[in-house]
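A.B. asks: Residue numbers (my numbering): 2 to 80.
Where a beta carbon is used, it is the ideal one built from N, C-alpha and C, also for glycine.
Remember, it's a predicted structure, so these values are computed and weren't measured experimentally.
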Amino acid sequence: MSHNYATPLTPEKRLARVLARIPAPWGINIERLPDAPDAACWRARLDVPGQAAQAWTTPAPTMVDALEQAWRQARTLMA
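(1) Which of the three DSSP states, helix, strand or coil, is assigned to residue 48?
(2) Please classify residue 46: is it buried, with 16 or more other beta-carbons within 10 angstroms of its beta-carbon, or exposed?
(3) Please state the DSSP three-state secondary structure of residue 43.
(4) From which residue to which residue does the alpha helix (DSSP H) around residue 21 run?
(5) Could you say which of 43, 70, 53, 68 lies nearest to residue 60 if we only look at CA atoms?
In structure tokens:
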């Protein structure tokens, strides 16, 4: 009988995973929107050296979600 011992990712583990994927020379910008509702109060963008400035992500409910969106945007630019 097999068992699944995987544990769900905590916000801290998700943040560590995303930060580990972002190369050190890239700049990280994270902003909390002061008057936004809690469901959409974070946005982020990555500054990739040698590339035009990346657009801010759409507002996300958590900082990690916004940073993951920014990572996906930057990754598609690099491909």
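C.D. replies: Inspection of the coordinates gives the following:
(1) In the sequence shown, the residue the question calls residue 48 occupies position 47. Strand at residue 48.
(2) Within the sequence shown, numbered from 1, the residue matching residue 46 stands at position 45. Classification of residue 46: buried, given that the 10 Å Cβ count is 16 or more.
(3) As a first step, residue 43 must be located in the sequence shown, where it is residue number 42. Correct three-state label for residue 43: strand.
(4) Here residue 21 corresponds to residue number 20 of the sequence shown, with the count starting at 1. Taken as a continuous stretch (DSSP letters only), the alpha helix (DSSP H) holding residue 21 covers 12–22.
(5) As a first step, residue 60 must be located in the sequence shown, where it is residue number 59. Ranking 43, 70, 53, 68 by Cα distance to residue 60 puts 43 first.
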